[in-house]
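Shown next, in C-alpha cells, is the structure this report addresses.
Protein chains: 2
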Amino acid sequence: MRETDFVSGFARGLKVIEAFGETRQRLSIAEAAKLTELDRATVRRSLLTLAELGYADYDGKFFTLTPKILRLGHAYLSATPLPALLQPHLDHLSEKAGQSASASVLDGTDIVYIARASQRRVMSINLTPGSRLPAYCASMGRVLLAPLPESEARAILARSELKQNTPNTKTDSDELIAEFRRVRAEGYAIIDQELEIGLCSIAVPIDNDRGETVAAINIGAPAALVPAAEMKERYLPLLKETQAALRPLLRR
Amino acid sequence: MRETDFVSGFARGLKVIEAFGETRQRLSIAEAAKLTELDRATVRRSLLTLAELGYADYDGKFFTLTPKILRLGHAYLSATPLPALLQPHLDHLSEKAGQSASASVLDGTDIVYIARASQRRVMSINLTPGSRLPAYCASMGRVLLAPLPESEARAILARSELKQNTPNTKTDSDELIAEFRRVRAEGYAIIDQELEIGLCSIAVPIDNDRGETVAAINIGAPAALVPAAEMKERYLPLLKETQAALRPLLRR
DNA sequence: TTATTTTGTGCGATATATGAACAAATGTCA
DNA sequence: TGACATTTGTTCATATATCGCACAAAATAA
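Right under this line is the structure:
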C-alpha cells in the first residue's frame, strides 16, 4: 500500500473513539489528547466531527459517546453470519447446561465475545458482545490460540500482558505453549479460576469445513457449584454436541 | 463550529463502516462507493485504511470487517455506566418473569438495545446490545417517544418508515401520538404483535432523578403463552419494582 | 493575586480529495 | 468463439482541506 492510500484523519478519529472506555465516559479535549498521544487541535477536530455527526455529545467542556456509536460495531455483528448462526445453539446449550454459554473470536491478544446466552450472573464482569478478555487466561482464548503455529502463538503471548489474576493463573509462556499442545490433542480447554476466583470454564473450538478454527464456544460455571474436575464430564459432551451440530452449517 | 473544525476524511470513513451490514458482509470498492455515495477513489482509501489498521480484511477484491471493529461500540458500552447498571436488574427481572428482559435507548428513529437478559428465544430476530428496532412499533420505543414534545415526536415519526409489519401494526401518526399521550399518563406501553406475529411486550421508562427518561426496559413474551390482555397484570408490577429499584441509582 | 492548565485560533507546510484517464477484468451478444 | 461494451480498480496532477505549531484567551488551581 502506498503512503497516499492511507487516510490519517480517519485513523486518528478511530483512535479518539477508542480513547473512550472503562472509566472514561467523559473526556475533555486535553484528556483525549493525552490518551491518544495526538495533537490537541487534531483531537478537538475529531471530537467536534463526532459531535456534529451525532456520535458524541458535547456540553462545551466534556464529550461523551452516544448510542449511535453502536452502529459501527453493529455493522460487524449483523454483517457477519457467525453471531446469528451461533446464538440459537448457545441458547440451547445454556439451557441444557443451566449455565452461561458464550462464543468468541480472536482479535490480537484478546478474545472478543460475539454472542452469549447467560443464565444468572456468576462473574463480576459484565460480558456482552464486544467485550474483551485476555486470551491467555480464558478457556476460549486457549482454544483459539492452540491451533496457531507455535511461533505465532509465542508472538501473541509476547505481546500479552501475562498478569497473575489469581494464584491459579498460568503466566509462563512455555507452560502455556505446552497447554496449547494438550488442547490441540484433546480438543478442549478448561480454566480453573485463572481469570477470577470462583469461576471455572470449559471451551471447544468451532471449525469450518476446511478445519480452520473460526470461533470458540464455552460454558462458565461457579467453582463453588461445579469443581473444575467435574467440568469435563458434566459439560464436554454438551459442548461436543453443539460443536457437531454447527459443523455442517459452516460451509464458507 | 467552523468549517475547518470538521474532519471530512473521518466522517467519510465512518460512513464507509456503516455501509457494511445485514446482507453486506463483503463489499467491493465499487459497491461501497455506491452505498455511501462517495467517490470510488475516496472509498478505496478509507477501506485500505481500515485494512491497514486491522479493522477490515482485504482479499484483493472484497473487504470484510474484523471483530476489531467491535472495539468502537464497546467503547460506548463500557464507558457508559447505564448498561452495566441495568444488567443485574434485568437478570433478576428476567428470572422472576421467566421471560426475556431488555433495556434500550433512543437513537433517531430507532431504539438501540444496550443490555439484555434472555430466557429462551421467542423472536425470530437475534437481539444483542447494539441491535436496533424501529421505535414506533416497539414497546420500549413508545415509552421513549412518549415524553418528547409532540412536535419532536411527530418529526421522528415523519422520518420513520411506518411499515405494516403485521396486521396489528399501528402506522397512523395521529393514532401513535394519541398512544404516546396514553403512555405518558399511564406509565407503560404494551405491544400486541405489532412487530412480529406471536410476540407481545410491555415496557416502562427509566427516569433519572430529574425526571428525564434515559432508557426503557421491557419484558417480551410469546403471545401464545401470554395474551396481550394479561401482560399488564402479569408483568407491570415486576417492571414497576425494577423501575423503583433503579431510581435511586440514577443520580447523574 | 499569580501560576498552571486547558481551550481556541491563525497560518504555513503538508496531506488529502477530486475527477479524469487508463488498465484490467468482467459481462454481453452475434 | 471473438469483438464490443461495461464495470471495476488504480494512478495521477492539482485544487483544496487538514495538520501541528505557536500564540492568545479563558478557565482553574494554588
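So the sequences go chain by chain: E and Y.
Numbering-wise (the numbering used here), the first sequence opens with residue 4 and increments by one.
Numbering-wise (the numbering used here), the second sequence opens with residue 4 and increments by one.
The beta-carbon is built from N, C-alpha and C at its ideal position, and this holds for glycine as well.
Interface annotation, E/I222: not in contact with chain Y, CB-CB separation never under 9 Å. A Cβ-Cβ separation of about 5 Å places E/E197 in contact with E/N171 under the 8 Å criterion. Secondary structure note for Y/G223: it is in no alpha helix (DSSP H), and the uninterrupted beta strand (DSSP E) holding it is 216-225.
Under the criterion of beta carbons closer than 8 Å, Y/A138 and Y/T112 qualify as touching, at roughly 6 Å. Contacts with chain Y (Cβ-Cβ distance below 8 Å) from the region 64-97 of chain E involve T67, L68, T69, P70, K71, I72, L73, R74, L75, G76, H77, A78, Y79, L80, S81, A82, T83, P84, P86, A87, Q90, P91, D94, listed in chain order. Residue range 43-56 is occupied by the alpha helix (DSSP H) that includes E/V46. A direct Cα-Cα distance of roughly 44 Å separates E/M234 from Y/V146.
A Cβ-Cβ distance of about 29 Å is found for the pair E/P152 and E/L80, leaving them out of contact under the 8 Å criterion. Annotation for Y/Q28: T67, L68 place their beta carbon closer than 8 Å to its own, counting only its chain and skipping 5 residues before and after.
For the pair Y/A118 and E/A14, the Cα-to-Cα distance works out to about 29 Å. Excluding five sequence positions before and after Y/A149, the CB atoms of its chain that fall closer than 6 Å to its own CB belong to F183, V186, R187, given in chain order. Linking E/L242 to Y/K99 through their CA atoms gives a straight-line distance of about 28 Å.
Per DSSP, the beta-bridge partners of Y/G24 are Y/R27. In the DSSP annotation of this structure, E/T69 is not part of any alpha helix (DSSP H), being labelled neither H nor E.
In the structure shown, Y/D175 adopts coil according to DSSP, grouped into three states. Annotation: Cβ neighbours of E/G16 in chain Y (cutoff 9 Å, chain order): V10, G12, F13, A14, G16, L17.
Put simply, the backbone Cα of Y/P251 is about 14 Å away from that of Y/P84. Within the same chain, A22 come within 7 Å of E/L38 by CB-CB distance, once the 5 residues on both sides are set aside. Just so you know, the alpha carbons of E/D110 and E/D177 end up roughly 22 Å apart. Leaving aside the five residues that flank Y/A36 on each side, the residues in its chain whose CB is nearer than 6 Å to its CB run, in chain order, R43, V46.
With respect to chain E, the C-beta atom of Y/D60 has no partner C-beta closer than 9 Å. Contact annotation: E/D195 and E/A226 have beta-carbon atoms nearer than 9 Å. Here E/P230 is exposed. Its C-beta has fewer than 16 other C-beta atoms within 10 Å.
Excluding the 5 residues flanking it on each side, E/I114 has same chain C-beta neighbours closer than 6 Å at S107, L136, A138, A141, M143, G144, in chain order.
If you ignore the 5 residues before and after E/A224, its C-beta comes within less than 6 Å of the C-beta of Q102, C203, all in its own chain and listed in chain order. Annotated three-state conformation of E/L136 is strand, per DSSP. Residue pairing by DSSP puts Y/R119 in a beta bridge opposite Y/S105. Distance from the CA atom of E/P240 to the CA atom of E/A104, rounded to whole angstroms, is 14 Å.
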